[in-house]
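Below: the structure, in structure tokens.
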Amino acid sequence: MSAALTPLASEEFHAPGLGIFDWPPLVEGQAWFNKPALLAFIGGLLVIAFAFAAFSRPKLVPRGVQNVGELAYEFVREQIARPNLGKDSDRWMPLLFTMFLFVWIMNLFGSIIFIQFPVMSRIGYPVVLALGVWLLVMYLGIKNQGPIKFFTNVMFPPGLPTWIYFLVAPIELISTFFLRHITHAIRLFATMMAGHLIIALFSEVGWHFLFVQLTPLGAPVGVLGVVMTILLTAFELFIQALQAYVFALLTAMFINDALHAAH
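Heads up: the sequence shown begins at 0 in numbering that gives the first Met the number 0, then just goes up one per residue.
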């Protein structure tokens, strides 16, 4: 009986797990250089190439890549920089524009055929970006507000009873200077990881029940898996752009808080 059950057991459906985020090294002996690292390098080159093609020789009437570049630049300036940084927006546009494009491309890799892996679903990449923003914010805050006022302006908002500062001060310290920067990275990472995992699940369902274990009962499940994969991929394209926008938006907000006292 056990021998008869073996073929059936081998055809059981196994949902994809966290192993889909593990990639072997592309070069033997270089564990760090794997598919996500290569994609991150390519993504950086794409941002540079796009910016060079769009803005190196600007024309009075934009065409082609320049037109796309100006539309993207205007979007970041009007929707991210100016609402949060005001008169300081032009100064920080190179950083915000580059960050928006880079994060978007890293996310977009998850929906490109034959690549199909969002780099930001590996926690190390959003952590490095968020850590860079944190260091920049600390530097700007201390430089513009002073090493003491930068912290006290946040920890001790005016107008509160004296006794409540014992509760508010540590909460504001931890939340403003640490937790919000941690969530800055985790929000991007978790969203990209969850989206990739869900799409991988439905695509595996479609493949398994249509090509591996095709049965009259399994075929509808397989068709449903294919349909859901297509719909979720379309939705993921929106989420990928949205997360790039949110990451750049929060960066602009953090920079503004460092440049100007909140109270």
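Where a beta carbon is used, it is the ideal one built from N, C-alpha and C, also for glycine.
Query, Result
"Spatially closest choice to alanine 80 from Thr232, Phe201, Thr250, by CA coordinates", "Thr250"
"Residue burial classification, proline 35 (beta-carbon count within 10 angstroms, cutoff 16)", "buried"
"Inter-residue spacing [alpha-carbon to alpha-carbon] between phenylalanine 177 and leucine 135", "13 angstroms"
"Pair within 8 angstroms by beta-carbon distance, methionine 105 and valine 118", "yes"
"Alpha carbon of tyrosine 244 to alpha carbon of isoleucine 238, nearest angstrom", "10 angstroms"
"Glutamine 29 - partner residues in DSSP beta bridges", "Val26"
"Neighbourhood of proline 61 by C-beta, 7 angstroms cutoff - its chain only, sequence neighbours within 5 removed", "Glu69"
"Status (buried if at least 16 other CB within 10 Å, exposed otherwise) for tryptophan 103", "buried"
"Span separating the alpha-carbon of phenylalanine 208 from that of methionine 227", "14 angstroms"
"Buried versus exposed, by CB contacts within 10 Å (16 or more), phenylalanine 40", "exposed"
"For alanine 251, three-class secondary structure by DSSP", "helix"
"Sequence-distant residues of the same chain with beta carbon closer than 7 angstroms to phenylalanine 96, five excluded per side", "Tyr72, Val75"
"Residue-chain proximity (valine 132, chain D), Cβ-Cβ < 8 angstroms", "You won't find chain D in this structure, because it holds only one protein chain."
"Residues near threonine 175 in its chain [Cβ-Cβ closer than 7 angstroms; skip 5 each side]", "Val153"
"CA-to-CA distance, phenylalanine 210 to leucine 94, given in whole angstroms", "47 angstroms"
"Simplified DSSP assignment, three categories, for alanine 260", "coil"
"Supposed contact pair asparagine 255 and leucine 84 - C-beta distance, whole angstroms, cut 8 angstroms", "5 angstroms"
"Residue ranges of each alpha helix (DSSP H) within the stretch 174-257, 4 or longer", "179-206"
"Three or more C-beta pairs below 8 angstroms linking the stretch 216-231 and the stretch 156-163", "no"
"Classification of glycine 42 by the beta-carbon crowding that lies within 10 angstroms, buried from 16 upward", "buried"
"C-alpha distance - tyrosine 138 paired with isoleucine 229, whole-angstrom precision", "45 angstroms"
"Counted within 10 angstroms of its Cβ, other Cβ atoms place phenylalanine 234 as buried (16 or more) or exposed", "exposed"
"Where proline 93 sits in the DSSP three-state scheme", "helix"
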